[in-house]
Structures are given as structure tokens and as C-alpha cells.
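Start counting the sequence shown at 100; every next residue gets the next number (the numbering used here).
Quick reminder that beta carbons are idealized off the backbone N, C-alpha and C, glycines included.
Read the structure below first, then the notes.
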Amino acid sequence: MNDATMSGLWLEDRKLSFRRDLPLPKLEGDEVLIKVIMAGVCSTDLEMVKGYYPFKGVPGHEFVGRVIESSGHPELLGKRVTGDINISCGECERCLNQEPSQCMRRRTLGIFDYPGVFAEFCKLPAKNLTVVPDSVSDVVAVFAEPTAAALRILDQVKVRPSDRVIVVGAGRLGLLIAQVLKNTCCDLKVVVRRPEPAVILAALGINAVYPDEVHGELADIVIEATGSPEGFDLSRSLTRARGTLVLKSTFAGDVRINLSKLVVDEISLIGSRCGNIAAGLRALSGGMVQVGEMIDSVFSLEQGFEAITRAGEPGVLKVLVKP
């Protein structure tokens, strides 16, 4: 199959195109070949098109697929899987310290130096894969990676029931983070800018507020998930002295930060990235996180450009791509 070609989206010089002549991923080492069943568009994908990373290749990193070439792992052949997006070397200091997501030679699925999932086929090391239970549908399984990213916050910050917590941003990731935090029984508010996510949050029993409604409030923990410099400014203003500000956004461009204010108020600033995929799947299969109301539309691979465009429109939540 190595001489075969496939269809997929190609990103080069910030331009996205659909191609039918892409080479099938060439397997190396412990990698397996995966037929992509469904992929999700996230905010990072949109920022990639804007130049978040100087990436050339197939973008995309949220997926569910089926292993069709197991490369020495027969137990995976035919299995429905999703996977960790961080391709680690297994040899550097961080890998040996059980921190593969921060590997010093890390490559990242569809983001940095590794082909992604907006194509008919993708590849990943076998160690990166998690088998999807039969009880979890393809549509739900696509959310495993962003749900894991939401859960990562609880690995990094102790959230107590008595804590006042504000999530700034109610987009694709913000809604998942809100559901994860709800289960801690904290005093939770989510800042929204549009009525659509407010309706979703209300149905989940989560308090949605608009920016002018939180003016002057201070929280023990603030999660920034807007993907904008303005969102960071609002998040900072809502964090109490000696509080914790968690940053989840990745976007092209710079943010101006008043470092003196952070120092004087002794703010703990925490960057938060990827989480445990198996934990994400458990949260989804157990109903801890619900995603049905977040799905906006499903596009074919040939409609990939339209999918990315749709996902970038104001208020649009999850857009899926089905090869």
C-alpha cells in the first residue's frame, strides 16, 4: 500500500487545498496505519491556517479511525481507535521522566512535523493509541482529545467545592471545560458572548453570564479559553490576588501582558495543554461530558475548505469531517 495515494487536505503557505494525489503515510518504527472514520475541526486548526505554526502537510488532530495495518501489533488490527497527538522520542530526559507530552524532540499530529488526520488515512505510533469502546459512537469518540485537554486542568489545579471558578469562553473547548469543572461542585460561572452556548450551558445546569455581568467580580481560579488577546485581558481582570489563571488558548499572534500586575498580585499562571485520552473516553462514555448539542455540521473530505470556513464563523461549535 506504500505506493498508493490518498485524498486529503493540504496546508502550505497558509493556504488550504483538497488534493487527491497525497502519498499514503509511510510507516516507520512502531507506527500503524489508520483509516480515518471521522475528524473534528478545532480552534487550533483554524489558527494553523493563520500561521500559528509554519506547517506544511496534512493538518488535523482530533479523530477516530480503524487500524488497517498493524506493523507488529496484531491486537490492534481492525480496532477502532483514537490517539494522543504527541509523538515522543522515548529517550530524552523528559520522556524518561514520564513526561512524553513535553518530549524535547516532540512532533505533534497535524500541527508540527507530523502528518495529520484530515485525509483518508493517518498514522500514529501504537503506544499513542487508545481503543474506543463499542459503547462510544464515532461522533462522540472524536471528542476524546479535546475532552482529555479539558480534564488536564484537574491534573494541574486542585479545584475545591468552595472555590469560585470562572471559565472565560464558551466555544468548543470552553463547553467541555465547563462540564468537567461542574463535576467538582465548585461555584462555577462561564462567560459567554452569544446566546447559543448560554442555552447549552443552561440545559447542563451551568451558570452562563455575559462579560458585563461579571465586571468587578474576582474568582479563585479563572480558565481562559477564548483564543483571543481580549479574552486574556478579561481573564486576568477576573483573577483575584494570589489566584490561579489557567491558559488553554493557542492562537497566532502576540499578547501584551502587564507582568508587573501579575507579580504584585502574585498570580499563579498555568499553561495547560493535552491530557489523558483514555480518561477523555471514560468521561464521554460515562456521560460526565455530553457533546450532542455541540455538533454543528458534518462535511465530506472534499468539502474540507468549506468545513474550515464554517468552523471559523462566529458562534459555530463543532464541525466534523467525514472522509
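By alpha-carbon distance to A382, the top candidate from A340, I276, L419, D332 is I276.
Between the region 369-386 and the region 395-403, the count of Cβ pairs shorter than 8 Å is below three; the stretches do not touch.
When the alpha-carbon of C202 is set against those of F211, I186, D212, the nearest one is in I186. Excluding five sequence positions before and after V135, the CB atoms of its chain that fall closer than 7 Å to its own CB belong to F162, G164, V216, A218, E219, F220, C221, P422, given in chain order.
Taking C-beta atoms as the reference points, G268 and A225 fail to come closer than 8 Å.
Taking R119 as the centre and dropping the five residues before and after it, the same chain places the C-beta of S106 closer than 6 Å to its C-beta, in chain order.
When DSSP states are grouped into helix, strand and coil, R335 belongs to the helix group.
I252 counts as buried, since at least 16 other C-beta atoms from the protein chains shown sit within 10 angstroms of its C-beta.
Excluding the 5 residues flanking it on each side, D353 has no same chain C-beta neighbour closer than 7 Å. For C194, the uninterrupted alpha helix (DSSP H) run begins and ends at 192-195, by DSSP.
In the structure shown, the three-state DSSP call for S261 is coil. Taking C-beta separations shorter than 8 Å and ignoring five residues to either side along the sequence, the partners of T229 in its chain run V180, T181, G182, D183, A243, I376, A377, L380, following chain order. For V140, same chain residues with a beta-carbon under 7 Å away, outside a window of 5 residues either side, are A406, I407, A410, V418, V420 in chain order. Here the region 172-179 does not lie against the region 144-157, with fewer than 3 beta-carbon pairs under 8 Å apart. Positions of the beta strand (DSSP E) runs, each at least 3 residues long and wholly inside the region 111-152, are given as 114-122, 130-140 in order along the chain. In the displayed model, E198 falls within coil according to three-state DSSP, outside both helix and strand.
Excluding residues up to 5 positions away in sequence, T349 lie with their Cβ nearer than 6 Å to the Cβ of T143 in the same chain. In the structure shown, M203 falls within a coil segment according to DSSP collapsed to helix, strand and coil.
Collapsing the DSSP output to three states places D319 in a strand. Within 10 angstroms of the beta-carbon of G273 lie 16 or more other beta-carbons, which makes it buried. The residue among L208, W109, K347 with its C-alpha nearest the C-alpha of L368 is K347. CA-CA distance, L300 to V308, rounds to 10 Å. Per the coordinates, the alpha-carbon of G414 lies some 29 Å from the alpha-carbon of D262. Distance from V390 to V279 at the Cβ level is roughly 12 Å; contact not present, criterion being Cβ atoms closer than 8 Å. For F404, the three-state secondary structure derived from DSSP is helix. Following the DSSP letters along the chain, one finds L250 inside the alpha helix (DSSP H) bounded by residues 243-255. In the structure shown, L176 falls within a coil segment according to DSSP collapsed to helix, strand and coil. Distances from the CA of R206 to each of C188, V157, F117 were compared; the closest alpha carbon is that of C188. In summary, S334 is buried, with 16 or more beta-carbon neighbours lying within 10 Å of its beta-carbon over all protein chains present. In the three-state scheme derived from DSSP, where H, G and I count as helix and E and B as strand, E168 is classed as strand. Per DSSP, the unbroken alpha helix (DSSP H) holding V239 starts and ends at 237-240. Between the alpha carbons of Q197 and G370 lies a gap of roughly 18 Å.
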